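Worksheet: one structure, shown below.
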Amino acid sequence: MTGTRGRWPKIDKDRGIEDVTLLILERLGEQGVNVMIRMDAERLRDNAPPWTFAASGGPLEHGLRADGKTVQQCMSAALTRLREAGLPVPF
Numbered sequence: 002m003t004g005t006r007g008r009w010p011k012i013d014k015d016r017g018i019e020d021v022t023l024l025i026l027e028r029l030g031e032q033g034v035n036v037m038i039r040m041d042a043e044r045l046r047d048n049a050p051p052w053t054f055a056a057s058g059g060p061l062e063h064g065l066r067a068d069g070k071t072v073q074q075c076m077s078a079a080l081t082r083l084r085e086a087g088l089p090v091p092f
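Using this note's numbering, you'd call the opening residue of the sequence shown number 2 and step up by one each time.
Following this line, the structure appears as structure tokens:
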């Protein structure tokens with residue numbers, strides 16, 4: 002993914018956020034943010050939201066977390082929280 006720095010693909014309106022999630026994670030890393038997305042099988046079995054996004058460091062004053070039943074829900078919540086924290090994020 003190193004070759005994509007500074008260049009973002011055009012967003013296909015028929016596809017979802019999951020198509021650009023890795024690019025978003027890379028962009029946050031370039032800003033000094035430690036970030037991960039995780040799918041927890043145990044939480045899935047317990048009918049709890051299995052997807053978790055976590056970010057800390059860099060320009061974030063406090064760490065943040067977002068959970069969702071789908072990767073789309075999780076990343077949508079994460080992007081909202083990142084923007085509220087003042088980070089410029091694409092998509």
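Positions of the beta carbon are idealized from the N, C-alpha and C atoms, including for glycine. Source: prediction; values computed, not measured.
Query                                                                                                                                                 : Result
Decide if ALA42 is buried, meaning its Cβ has at least 16 other Cβ atoms within 10 Å, or exposed.                                                     : exposed
Please report how far the alpha carbon of ASP20 lies from the alpha carbon of VAL34, in whole angstroms.                                              : 20 Å
According to DSSP, simplified to helix, strand and coil, what is GLY69?                                                                               : strand
Please report the residue range of the alpha helix (DSSP H) in which ALA42 lies.                                                                      : 42-46
With 16 other CB atoms within 10 Å as the buried threshold, where does PRO89 fall?                                                                    : exposed
Less than 9 Å between the C-beta atoms of LEU24 and ILE38, yes or no?                                                                                 : no
By the three-class DSSP mapping on this structure, what secondary structure does ASP13 have?                                                          : Any reading at ASP13 needs caution, since the residue's pLDDT is 48, under 50, leaving its predicted position unreliable; the model's value is listed next. Three-state DSSP puts ASP13 in coil, outside helix and strand.
Who are the near neighbours of TRP52 in its chain, counting only those whose CB is closer than 6 Å to its CB and skipping five residues on each side? : MET40, GLY69, VAL72 and CYS75
When we look at the beta-carbon of LEU45 and count the other beta-carbons within 10 Å, is it buried (16 or more) or exposed?                          : exposed
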